[in-house]
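Every letter in the sequence shown is one number past the one before it in my numbering, and letter 686, counting from 1, is 686. Written below as structure tokens is the structure these notes are about.
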Amino acid sequence: MKGLSQPVEAWQVRGETAGVSRFEVRRAGALTPLVGRQEEIELLLRRWDQAKLGEGRVVLLTGEPGIGKSRIAESLLAARESEPHARIRYFCSPYHVQSPLYPFIAQLERAAGFEPGSSANVKLDKLEALLKAATKNVLRDVALVAELLGVPADWRYPALALSPQQKREMTLTALLDQLAGMAAQRPALIVVEDAHWIDPTSQDLLDRIVARAANLPVLLVVTVRPEVQPTWVGEPHVTMLPLSRLGRRDSAGIIGGITKDKALPDAVVEHILAHADGVPLFIEELTSTLLEGGVLRETADGYALDGPLPEFAIPTTLQASLVARLDRLASVKDVAQIGAAIGREFSHELITVVSVLAPMELDAALERLTGSGLISRRGTPPDASYSFKHALIQDAAYATMLKSRRRQLHASIAKVLAERFPALVESQPEVVALHFTKAGLASEAITYWLDAGQRAAKRSADQEAIIHLERGLALLNTLPESADRDRLELDFQIASGTPLLAVRGYTSSEVGAACERATILSEKLDDVGRLFASLYAQFSYCNATGNTHKALEFAERCQTLGIRQGDRVMQLMAHRGIGIVLYQLGKFELARKEFEQSLALYDPERDRSLAARYITDPFASASALLALVEWISGFPDRAARMQAQALSYAAALNHVNTSGFAHFLAGAALEQLFGNAAAVLTHTQILSALATEHGVLAWRSSGIIFEGWAVSWIGGPESGIALMQKGIADVDAKNLTFFVPLFTSLLAQARGRIGDFRSAVALCIDARERAQRSEQYNWEAELHRNEGEVRRAAGHSLTDVEECFAKALDVSRAQGARMFELRAATSLARLWHDQGRHVEARDLLAPIYGWFTEGFDTVDLEDAKALLAQLRA
């Protein structure tokens, strides 16, 4: 037959096997016997028995390449094949270390039974059938997973109005719940192979699976190379199982498995044992090399040497052994090299297009490689897929090529993928980018790295997004200066913003550098829209890092640009930004005017989409901030009206971050100022629910501090203090400064109430220092007053206490902070009352109280009124 150099055994195709691993598809049950691993298998079986009883177990199977990690996992699965259980396998890939959730996507596609060319409707039917067996919220989970798999579903399932971060959290939760749901029905045996190649998002999900597994009937086996040490090593339900090299007897057993127990000459066995050094894959490959190399003659009961064993007959390293085997397959070596350039796995369709061989010649070459055991095949051509038996074989085939040949192949692969595989380009642009990069085609690679980064960012796979964008920027820097190059760089810098914020934090210098560079490029290109976006990003960065005056500068530049362009949206956003800074600087009257102008410019019909662009809706957030300004300025009734406006609009908008902002500022923060602990708890419960359901963890960190204050105030000081400390530690870890001076002062107040005055005084000083560093002077008067109350309770000198109250009065008067002025005057008047200085106290407090025209049912005004009554008695 044309294309075949020798007779081959004929086979009839009966169907495709269900195998998905390289062991299942290789030799279809004809694996060499597993030797020397009985103890490891017995330990795994014991862990499985424990897992079936509901005591979930995790085994980290570690060892060097070729030591047999995957072979042991395969043997475990085979040993319990007859038992009823769920079996789930994930395979990580060196070509997908930055492809978010690659192993989980591949497993879902296999489990659902997706077939090439199937319609979206058919795929959704299969996906729904798969998920509904183990999930309670089928519509939501199918919508999330369908988007993950790149299956259009908007026409069939309701769209989810979620930010990228919320979508990421809900997707991970859905995948985790799916596993838990399956395990609840029957014990689950889960294997994650080659986790040293896991992408960051998959690592996050794997960490969650490990934590959840402790309370599920699950055995999770993770194979990994020894240089990787997951964070969960050391957990009670996790077992480390390192694989050592085999001894001589077990190594000889592997040789017998390859030769089908036909004896080799002693000299040959000794050479194999000496060189392979107990590594199973090396033993297999050396033995196969000798059997194929022509130095041995097969007899009826074994193999014989017709002379001394040539020194060159046995390669001295595993790499050399693999190369030697490839060299002996010279006629098909080129096909192995093409496969190695494509990746650990490759499809028949792709290699057919890339190779210059005629179809029958290519099929014959692939069949010979499969027969040699170097690669394995799943399915039948033209729908077959192939994988190298081991990553080291792929590496060896790749290493046999000259650099020029590698570049040529990568260029061909990249162009074929870009032209003929649109689905892969859409779902994994980083694969195309990588091939263009390895081909040395920087210009072509850059746009795909940008696509990959933007796609990862949309899924909140932020670490992967950063890596893709950094690789693209590095290539971009090799191109000559031009306007087109600058436009591309601007795309990269803007795309980097959100992922850098998420991973590095608001205070990261990298975030600031990206914003600054985007501003420079926008000005250079005269791109007004992007210039405004980058200026606003710099405002946000400076505000978050406590560089308040710099933040004001950028907000004012935004305003100037908006006025110059006559752009209403730019102006309303600039007014809000300026208002935020002025509020933090303690310039409350000026801040009020900015918030009011922002609200006046807002159009509910046209501006509802601004929430997605600017994280929170400007109308709801300006209303919430104005509520605080009104309360501080002495208008609690107006503050309550603004509170209602912020909360009601946020509820109508149904935007998660806007709801969080409103319930934090107009809810928990304002109610704390009102002194309404029960209402504070109501809002912190909502914040907690938002964090749990939508993954907005920032709201939980801040909300828990106010929750701690309320718990402490109502009567649980110790538990309240613990909550406040945890919340402050969380925001400190994120390097956030907003509200932190007040948080610290409230913790000091709580510490003082349980008699821990040393800590309380230290916290008061810390609060003032935090305010100074971050230029948050809006709380300055209250920080001084709280410190005075703490020092008074601690028995400090009355002079020190009075000085604190006097500073609070001075600051509040200068700022026009009438409510803080009332509080400071009440504290000082009470001090003077206790000293018998009744007239001075009354003369201080009466005119301040008399200024107020509303809010007489609030705690602060009622306290002042009661004290005045005592002073007049």
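Note that beta-carbon positions come from the ideal geometry of N, C-alpha and C, so glycine has one too.
DSSP places Leu160 outside both helix and strand once states are collapsed to three, so it counts as coil. A Cβ-Cβ distance of about 6 Å is found for the pair Arg700 and Ser688, placing them in contact under the 8 Å criterion. For Ile714, same chain residues with a beta-carbon under 6 Å away, outside a window of 5 residues either side, are Ala677 in chain order.
Classified as exposed, His549 has fewer than 16 neighbouring CB atoms from the shown chains inside 10 Å of its CB.
Contact between Ala668 and Gly703 holds: their C-beta atoms lie close to 6 Å from each other, under 8 Å. As DSSP reads the structure, Leu61 sits in a beta bridge with Thr223, Leu241. A distance below 6 Å between beta-carbons, with the five flanking residues on each side excluded, links Leu746 to the following residues of its chain, in chain order: Trp709. For Leu76, the closest of Arg140, Tyr95, Leu809, Asp49 by C-alpha to C-alpha distance is Asp49. Put simply, the backbone Cα of Arg459 is about 22 Å away from that of Ser534.
The C-beta distance from Trp631 to Leu670 rounds to 6 Å, short enough to meet the 8 Å contact threshold. A contact is defined here as three or more CB-CB pairs under 8 Å, and the segment 595 to 613 meets this definition with respect to the segment 648 to 658. In this structure Phe104 is buried. Its beta-carbon is surrounded by 16 or more other beta-carbon atoms within 10 angstroms.
In this structure the segment 360 to 370 does not lie against the segment 292 to 303, because fewer than three pairs of beta carbons, one per stretch, are closer than 8 Å. By the Cβ test, the segment 378 to 386 is not in contact with the segment 132 to 139, since fewer than three Cβ pairs between them sit closer than 8 Å. Rounded to whole angstroms, the separation of the alpha carbons of Ala679 and Ala544 is 28 Å. For the pair Leu189 and Val218, the CB atoms are nearer than the 9 Å cut-off.
Secondary structure at Tyr303: strand, using DSSP grouped into helix, strand and coil.
Under the three-state reduction of DSSP, Val761 is assigned to helix. In this structure, Phe588 sits away from Glu854, with a CB-CB distance that is not shorter than 9 Å.
Judged by beta-carbon spacing, Ala340 lies beyond the 9 Å limit of Tyr386, meaning their Cβ atoms are not closer than that value. Residues of the same chain with a CB within less than 7 Å of the CB of Leu590, apart from the 5 flanking positions on each side, are Leu582 in chain order. For Leu322 against Ala396, the beta-carbon gap comes to about 4 Å, under 8 Å, which counts as contact. DSSP links Ile67 through a beta bridge to no other residue. Under the three-state reduction of DSSP output, Leu149 falls in the coil class, being neither helix nor strand. Counting of Cβ neighbours within 10 angstroms places Ala330 among the exposed residues, the total staying below 16.
Bounds of any alpha helix (DSSP H) do not take in Leu246, whose DSSP letter is neither H nor E. By the criterion of a C-beta distance shorter than 8 Å, Glu594 is surrounded in its chain by His575, Arg576, Ile578, Gly579, Leu582, once the five residues flanking it on both sides are discounted. Leaving aside the five residues that flank Arg80 on each side, the residues in its chain whose CB is nearer than 8 Å to its CB run, in chain order, Leu45, Trp48, Leu189. Here Ala825 carries a helix assignment [DSSP, helix/strand/coil]. Under the criterion of beta carbons closer than 8 Å, Leu273 and Ser251 qualify as touching, at roughly 5 Å. DSSP places Ala188 within a strand segment (E or B) once states are collapsed to three. Across the set Leu220, Gly566, Phe852, Tyr541, the C-alpha of Tyr541 shows the shortest separation from the C-alpha of Phe554.
Taking the Cα positions, Gly68 is about 33 Å away from Arg407.
Taking 4 residues as the minimum length, the alpha helix (DSSP H) runs contained wholly in the segment 376 to 455 are 391 to 399, 403 to 420, 422 to 427, 429 to 438, in order along the chain. Beyond the five residues adjoining it in sequence on each side, Asn735 comes within less than 6 Å, by CB distance, of Gly505, Thr507 in the same chain, given in chain order. In this structure, the beta-carbon distance from Leu500 to Ile466 falls below 9 Å.
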